[in-house]
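Residue numbers for the sequence shown follow UniProt numbering, so the first one is 1 and each next one is one higher.
Here is the structure we will look at.
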Amino acid sequence: MLDKDPTNVLASKRLIAILKSQGQTSLAISELITYLDTHGNDFEAWIELSHLYLAQHMYSQAAFCLEEVILLQPANHFFHLQYAELQYTMGNLDLALKEYLRVVELSTDNVRGFYGVKLTADRLMAETKAAKKKENVPQPATLGRLSELATERLVSAYNRAGDTPKKTAENWLKG
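Right, here's the structure in full:
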C-alpha cells in the first residue's frame, strides 16, 4: 500500500506500530522520521518519536521532538511539563526552571509543576553558591522566592488532600 502511495497516513502509522510491537525501535524511528518529513504538523507523531528516543536514551533528540510538539500545541501544559522534566534530567536547569514556570502559568494548580519549580530552584541555588553564577540563571534571592512560593502552593494543594498526603508532603518539603 505504501508503494503506491507513500503519503498514506494510516498505512504509515500501521507500519510504525508493527515495527514498535516487534521491538524494532531503530526501524520505527527511521519510519517515523520519514513520515514526519511529509506530515510535520502531526504532533502525536512527534510525541511518539520523542517516546521512542527516550526509550533509546537519546535525550537531545527527544527534546527536539518535544520542542516541535510545543510549537504545534503551545497551550498544553502537559507538553511543557514533559519538556521541563527532560531538561532537568539532562542537567539544563535554567531551561527546566523556565519550562516549569510555564507549566504553573498554564495550569495554576499543577502539583508536578510546582515540585519541579521547587526542586530546580533549590538545585540552582545550591549550584550558584558552589560555583560562579551562570548567565541565564536568576539571582539567588529570586530562586529563594520561587522555592518559597512553590512550597506554599504545594502545602496548599496537600492541605486539601487529607492528613496522610499532607504529612508526607510536609515532611518532604522540610527536607
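Ideal Cβ placement from N, Cα and C applies to all residues, glycine included.
The model shown is predicted, which means the values in this text are computed figures rather than measured ones.
### Message
Check whether the stretch 58–65 and the stretch 100–108 are in contact - that is, three or more C-beta pairs closer than 8 Å.
### Response
The answer is no - the stretch 100–108 does not touch the stretch 58–65, with fewer than three Cβ pairs under 8 Å.
### For residue 184, three-class secondary structure by DSSP
In the structure as shown, the chain starts at 1 and stops at 175, and residue 184 therefore has no counterpart that could be examined.
### Query
Considering only C-alpha positions, which residue in the set 13, 18 and 123 is nearest to residue 46?
Closest by alpha carbon: 13.
### Query
What's the gap between the Cα of residue 88 and the Cα of residue 96?
Separation of residue 88 and residue 96 (C-alpha to C-alpha, rounded to the nearest whole angstrom) is 5 Å.
### Query
How about residue 27 and residue 19: are their beta carbons less than 7 Å apart?
For residue 27 and residue 19, yes; Cβs fall inside 7 Å.
### Task
For residue 94, collect the residues of the same chain with a Cβ closer than 6 Å to its Cβ; drop the 5 residues on either side in sequence, then sort them by chain order.
Once the five neighbours on either side are set aside, the close Cβ partners of residue 94 are 136 and 137.
### Query
Under the three-state reduction of DSSP, which class applies to residue 104: helix, strand or coil?
Three-state DSSP puts residue 104 in a helix.
### Query
When you compare each of 161, 162, 174 and 160 to residue 147 by their alpha carbons, which one comes out closest?
It is 174.
### Task
Mind checking which residues open and close the alpha helix (DSSP H) that includes residue 90?
DSSP places residue 90 inside the alpha helix (DSSP H), whose first and last residues are 77–90.
### Message
How far does the alpha helix (DSSP H) with residue 164 in it extend, from its first residue to its last?
### Response
Its alpha helix (DSSP H) spans residues 163–174.
### Message
On the CB-based measure, 16 or more other CB atoms within 10 Å of its CB, does residue 44 come out buried or exposed?
### Response
Label assigned to residue 44: exposed.
### Message
For the stretch 114–122 against the stretch 72–79, do three or more pairs of beta-carbon atoms, one drawn from each stretch, fall closer than 8 Å, so that the two count as touching?
### Response
Because the criterion of three Cβ pairs below 8 Å is not met, the stretch 114–122 and the stretch 72–79 do not touch.
### Query
residue 155 lies in the alpha helix (DSSP H); which residues open and close that run?
Looking at the DSSP string, the run of the alpha helix (DSSP H) that includes residue 155 is 140–159.
### Message
Am I right that residue 149 and residue 169 are in contact with their C-beta atoms under 8 Å? What's the rounded C-beta distance?
### Response
That pair is no contact at about 15 Å.
### Three-way DSSP call (helix, strand, coil) for residue 94 in this model
In the structure shown, residue 94 sits in a helix (DSSP, three-state: H, G or I).
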